[in-house]
Amino acid sequence: MNEAATAPAVFAPWDEPDATPLIRFKSVTKRFGDFTAINDIDLDIYPKEFFALLGPSGCGKTTLMRMLAGFETPTEGEITLEGQDIVPVPPNKRAVNMMFQSYALFPHLSVYDNIAFGLKRTDMEKDAIDARVQEMLRLVQLQKFAQRKPHQVSGGQRQRVAQARALAKAPTLLLLDEPLGALDKKLREQTQFELVDIQEKTGTTFVIVTHDQEEAMTVASRIAVMDEGKVIQVDTPGKIYESPNSVYVADFIGDVNLIEGNATPLEDGMAEINWREGTPPVRGTAPQPIAAGQRATLAIRPEKIAISREKPTDRNNVVPGRVHDIGYLGNISTYHVRLSDGHIVKAQVANQRRISRRDFTWEDVVWLSWSDTAGIVLTQ
Amino acid sequence: MDLRRFSLIAIPYAWLLLLFLVPFGIVLKISLSDYALAIPPYTPTLDFSEGWAGFRAYLSQLDFENYVFLSEDDLYWKAYLSSLRIALVSTAFTLLVGYPIAYAMAQAPAEWRPTLMMLVILPFWTSFLIRVYAWIGILSNEGYLNQILVFFGLPEAAIMNTNTAVYIGIVYTYLPFMILPIYATLEKMDGDLIEAAQDLGCTRMEAFWRITLPLSKPGVIAGCFLVFIPAMGEFVIPSLLGGSETLMIGKVLWEEFFNNRDWPVASAVAVILLLLLVVPIVLFQRNEQKQREAGR
Chain A
7 MNEAATAPAV FAPWDEPDAT PLIRFKSVTK RFGDFTAIND IDLDIYPKEF FALLGPSGCG
67 KTTLMRMLAG FETPTEGEIT LEGQDIVPVP PNKRAVNMMF QSYALFPHLS VYDNIAFGLK
127 RTDMEKDAID ARVQEMLRLV QLQKFAQRKP HQVSGGQRQR VAQARALAKA PTLLLLDEPL
187 GALDKKLREQ TQFELVDIQE KTGTTFVIVT HDQEEAMTVA SRIAVMDEGK VIQVDTPGKI
247 YESPNSVYVA DFIGDVNLIE GNATPLEDGM AEINWREGTP PVRGTAPQPI AAGQRATLAI
307 RPEKIAISRE KPTDRNNVVP GRVHDIGYLG NISTYHVRLS DGHIVKAQVA NQRRISRRDF
367 TWEDVVWLSW SDTAGIVLTQ
Chain B
2 MDLRRFSLIA IPYAWLLLLF LVPFGIVLKI SLSDYALAIP PYTPTLDFSE GWAGFRAYLS
62 QLDFENYVFL SEDDLYWKAY LSSLRIALVS TAFTLLVGYP IAYAMAQAPA EWRPTLMMLV
122 ILPFWTSFLI RVYAWIGILS NEGYLNQILV FFGLPEAAIM NTNTAVYIGI VYTYLPFMIL
182 PIYATLEKMD GDLIEAAQDL GCTRMEAFWR ITLPLSKPGV IAGCFLVFIP AMGEFVIPSL
242 LGGSETLMIG KVLWEEFFNN RDWPVASAVA VILLLLLVVP IVLFQRNEQK QREAGR
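Quick note, the sequences are listed as chains A and B, same order.
Count along the first sequence from 1, then add 6; that gives the number in our numbering.
Count along the second sequence from 1, then add 1; that gives the number in our numbering.
Right under this line is the structure:
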């Protein structure tokens, strides 16, 4: 996460009331026959943002991006780029370039000619084109491979050619459609940071489509979480993770325990959940106002739950259980603790000790506890 | 190489030997023989009863007389050149007609494609000869075409028994051989490439010229050879649709064999035709190999 919610807001145009967005979706709807791919979306994207569209496949994120590229036109609504309506502008006339998921490199052209392709379609001088292509090759460190054909370079290099080609025309807006999907995990993580570097170096606005939440968290300044053609929440990665506005977002991003019950509002924006008779209620912060007796869900991240042998006395949220399963990941362990009603709660603990000296094992009776502010009470 | 692989490879080679090299050897031998009023109508014939000496005498009677004759009579050269021209022109026309059809097929919704493919192959279900005959019914002076022209008050067209009729016949007959390889390359082309080209500033037309056309080149080359090679030696179409002005080597070959019964000269014509076709066939093979080496 490059920006925690608490970090000083060095770059947050979305919080400035007088900042003008680069892209504006105004009640945009897109239907394919009977199917509504995009359902009445309003969205602002600001200059120099690295904006991520995140969601499961079929949520409409790719359609949204293709509308920015000009390959789809909205059924209803308006899309503006720098204040101008771009809906009637064909893709070849837009100051928008796209990096395709398949990379779509031209197989009959060399790496050099692929990167030069867009520039040659402008009235740019030959020397200037060459200089620009060389600059792009340097940016993605492919100088040595300029004369190779796309099938003669590796997958990672192809990804960089696609990136260089999309950036060559210095677009106002760069669209990335699952740009790292074809890379293996190590290379993907490394490339994520390279992408961020390039974005900062060029100052271009990036919009990335991804289904990989870790990728979105790593690269993006803001994330739009989408589901079934709707934008559910738009926020910084930190806020999306820490203050999801709905159970859907909490569940989609990272791992979460969901405890459902009847809510009782408390003072200071807190609320209690009576989740089971005979057990003390659990509490968390409630961002939205809650009525007494309303059904609500407490969402609590596994890493915010502490696990102990003795009952902690200094906390309000305390539940007993039995260790059902242990997921050992090397650096951390996830304990699946079964409560007396069969409910499984996950608690994540950093492995500060070696595995042979682990404190808990299967079927141990343990206490789970978390602070009042660790969980969040959601009504949607 | 183990025996299993060897025997597998041996099958096509045995096929080639039996069905191409042996008949070719026989034709070559006849082309070196002399015309005779006999059955078969040439001399010498191989007679094993006289043993080795007989074989020596047999070999000594073979000569290149027929080839010398071919080079002296300009009918043959004109026929070769005319065939070459007709084959080239009709290949070009077939490409012009076939490419748009292949392109439209590749652009059609995926569920339509098998049907369209079927329609292209459908003419093969009837005899080639009958289909060419049918064109006589269309193109002849009292044929359907002229009836329609007259109906609309237009002047009649005298197409039958001209080179135009031959072009029409060849384009019609060989069109599927042009469409199928082009369709195959266009169909497997990634649609993202066209979008990428448009995204980088191409109009649809430019994207076609710069991306689609170059990428379909292997299919175009394959299709052109598949049309050109058989069209070069074509004899049914010029015989049925062509007129006195149509001079094609296939027709000459036929006449030498069946009208003049001069097997040795006819064989020499066939051997030269084959040698002329070897050049494009070798080029075709090299194109195929280059494609395979490009390895996509």
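Ideal placement from N, C-alpha and C gives every residue a C-beta, glycine not left out.
These numbers come from a predicted model, not from an experiment.
Between N251(A) and chain B, is there a C-beta pair that is closer than 8 Å? Residue 251(A) sits at position 245 when you count from the first residue of the first sequence. So, not an interface residue.
Could you name the residues of chain A that A197(B) contacts, counting a contact when the two beta carbons are closer than 7 Å? If you number the second sequence from 1, residue 197(B) lands on position 196. Around A197(B), the beta-carbon contacts reaching into chain A at under 7 Å are F106 and A110.
Sort out for me which residues DSSP pairs M232(A) with in a bridge. Walking along the first sequence from the start, residue 232(A) turns up at place 226. BP columns for M232(A) point to V237(A).
Quick check: is the beta carbon of R297(B) nearer than 8 Å to any beta carbon in chain A? Here residue 297(B) is taken as the residue at index 296 of the second sequence, counted from 1. Confidence is the limiting factor: at R297(B) the pLDDT is only 47, short of 50, which leaves the residue's position unreliable, though a coordinate-based value still follows. Yes, because at least one Cβ of chain A sits closer than 8 Å to the Cβ of R297(B).
Compare the C-beta of H217(A) with all C-beta atoms of chain B and state if any pair is closer than 8 Å. Numbered from 1 along the first sequence, position 211 holds the residue referred to as residue 217(A). Chain B, which has no Cβ nearer than 8 Å to the Cβ of H217(A), makes this no.
Rounded to a whole number of angstroms, what is the C-alpha to C-alpha distance between N263(A) and A222(A)? As a working note, residue 263(A) is residue 257 in the first sequence. As a working note, residue 222(A) is residue 216 in the first sequence. Those two C-alpha atoms are separated by around 22 Å.
DSSP state of A58(A) mapped onto helix, strand, coil: Walking along the first sequence from the start, residue 58(A) turns up at place 52. A58(A) falls in the strand class under three-state DSSP.
In this structure, does DSSP put G333(A) in helix, strand or coil? Numbered from 1 along the first sequence, position 327 holds the residue referred to as residue 333(A). DSSP places G333(A) in strand when its eight states are reduced to three.
With a threshold of 7 Å on Cβ separation, who are the neighbours of I246(A) within its own chain once the five nearest residues in sequence on each side are excluded? The residue labelled residue 246(A) in the question sits at position 240 within the first sequence. Cβ within range, chain order: I229, V231, Q239, V255 and I259.
Alpha carbon to alpha carbon, how far is G243(B) from V237(B)? Give it in angstroms, no decimals. Working through the second sequence from its first residue, we reach residue 237(B) at position 236. Working through the second sequence from its first residue, we reach residue 243(B) at position 242. In a straight line, the C-alpha of V237(B) is about 9 Å away from that of G243(B).
For L193(A) and T12(A), the rounded distance between their alpha carbons: Stepping through the first sequence from its first residue, residue 12(A) is reached at position 6. Stepping through the first sequence from its first residue, residue 193(A) is reached at position 187. Legend: pLDDT at T12(A) = 49, less than 50; position of this residue unreliable, no value from coordinates given.
Taking the straight line between their C-alpha atoms, what separation do you get for D21(A) and R114(B)? Working through the first sequence from its first residue, we reach residue 21(A) at position 15. Working through the second sequence from its first residue, we reach residue 114(B) at position 113. Cα-Cα distance, rounded: 53 Å.
Classify Y14(B) as buried or exposed, calling it buried when 16 or more other Cβ atoms lie within 10 Å of its own Cβ. As a first step, residue 14(B) must be located in the second sequence, where it is residue number 13. Classification of Y14(B): exposed, given that the 10 Å Cβ count is below 16.
Quick check: the Cα distance between M71(A) and K236(A), rounded to an integer number of angstroms? For the purposes of this step, residue 71(A) is taken as residue 65 along the first sequence, with counting starting at 1. For the purposes of this step, residue 236(A) is taken as residue 230 along the first sequence, with counting starting at 1. If you draw a straight line from the Cα of M71(A) to the Cα of K236(A), it is about 14 Å long.
Which ranges does the alpha helix (DSSP H) cover as unbroken runs of at least 4 residues, wholly within the region 84-136 of chain A, from first to last along the chain? 117-126
With a threshold of 8 Å between beta-carbons, can T12(A) be considered close to chain B, or not? By 1-based counting over the first sequence, the position of residue 12(A) is 6. A caution first: T12(A) carries a pLDDT of 49, below 50, which makes its placement in the model too unreliable to give a value.
I'd like to know if F123(A) contacts chain B, where contact means its C-beta is closer than 8 Å to some C-beta of that chain. Numbered from its first residue, the first sequence carries residue 123(A) at position 117. Output row for F123(A): interface = yes.
Whether A389(A) touches N251(A) by CB criterion (8 Å): Lying before the first or after the last residue shown, residue 389(A) is absent from chain A, which here runs from 7 to 386.
Would you report the Cα separation of Q148(B) and I137(B), rounded to the nearest angstrom? Looking up residue 148(B) in the second sequence gives position 147. Looking up residue 137(B) in the second sequence gives position 136. Each residue's Cα considered, the two are about 13 Å apart.
Given this structure, state the Cα-to-Cα distance separating G162(A) from V215(A), to the nearest angstrom. Numbered from 1 along the first sequence, position 156 holds the residue referred to as residue 162(A). Numbered from 1 along the first sequence, position 209 holds the residue referred to as residue 215(A). Spanning the two alpha carbons is a distance of roughly 19 Å.
What are the residues of the region 205-216 of chain B that lie near chain A, defined by any Cβ-Cβ distance shorter than 9 Å? R205, E207, A208, R211, I212, P215 and L216
Decide if L187(B) is buried, meaning its Cβ has at least 16 other Cβ atoms within 10 Å, or exposed. Position 186 of the second sequence, counted from the start, is the residue given in the question as residue 187(B). L187(B) is buried by the Cβ-count criterion.
What in chain B is Cβ-close to T79(A), meaning under 9 Å? For the purposes of this step, residue 79(A) is taken as residue 73 along the first sequence, with counting starting at 1. Ordered by position in chain B, no residue passes the 9 Å Cβ test against T79(A), which lies about 14 Å from the chain.
Inter-residue Cα distance where the pair is Y109(A) and G144(B): As a first step, residue 109(A) is located in the first sequence; it is residue number 103 there, counting from the start. As a first step, residue 144(B) is located in the second sequence; it is residue number 143 there, counting from the start. Computed Cα separation, rounded: 55 Å.
Report the residue from T303(A), S362(A), E273(A) and A170(A) whose alpha carbon sits nearest the alpha carbon of M142(A). By 1-based counting over the first sequence, the position of residue 142(A) is 136. Per the C-alpha coordinates, the member of T303(A), S362(A), E273(A) and A170(A) positioned closest to M142(A) is A170(A).
Check this for me: beta carbons of Y52(A) and P27(A), under 8 Å apart or not? In the first sequence, counting from the first residue as 1, residue 52(A) sits at position 46. In the first sequence, counting from the first residue as 1, residue 27(A) sits at position 21. Yes, they are a contact pair.
According to DSSP, residues forming a beta bridge with V288(A): Numbered from 1 along the first sequence, position 282 holds the residue referred to as residue 288(A). DSSP output for V288(A) lists I279(A) as bridge partner(s).
So what does DSSP say about T319(A), is it helix, strand or coil? If you number the first sequence from 1, residue 319(A) lands on position 313. In the displayed model, T319(A) falls within coil according to three-state DSSP, outside both helix and strand.
So, is the C-beta of R208(A) closer than 8 Å to a C-beta in chain B? Residue numbering aside, residue 208(A) sits at position 202 when the first sequence is read from its first letter. Looking at the sequence itself, residue 208(A) is Thr, so the reference to Arg does not match. Taking Cβ atoms only, chain B never reaches closer than 8 Å to T208(A), which makes this a no.
Can you list, in chain order, the residues of its chain with a C-beta nearer than 8 Å to that of V372(A)? Leave out the 5 residues immediately preceding and following it. Taking the first sequence and counting its residues from 1, the one referred to as residue 372(A) is at position 366. Cβ neighbours of V372(A) within its own chain (closer than 8 Å, five residues either side excluded): I313, S314, R315, P326, G327, R328, V329, Y341, V343 and F366.
Where the beta strand (DSSP E) through S415(A) begins and ends: No answer is possible for residue 415(A): the residues shown for chain A start at 7 and end at 386.
Identify the contact partners of H114(A) in chain B, using a Cβ-Cβ distance below 9 Å as the criterion. Within the first sequence, the letter at position 108 stands for residue 114(A). Those are I212, P215, L216 and K218, listed as they occur along chain B.
Who are P271(A)'s beta bridge partners in DSSP? Along the first sequence, one-based indexing puts residue 271(A) at 265. Note: P271(A) sits in a beta bridge opposite A277(A).
Taking Cβ to Cβ, would you say H217(A) is nearer than 8 Å to S63(A)? Mapped onto the first sequence, residue 217(A) falls at position 211. Mapped onto the first sequence, residue 63(A) falls at position 57. Yes, these two residues count as a Cβ contact at 8 Å.
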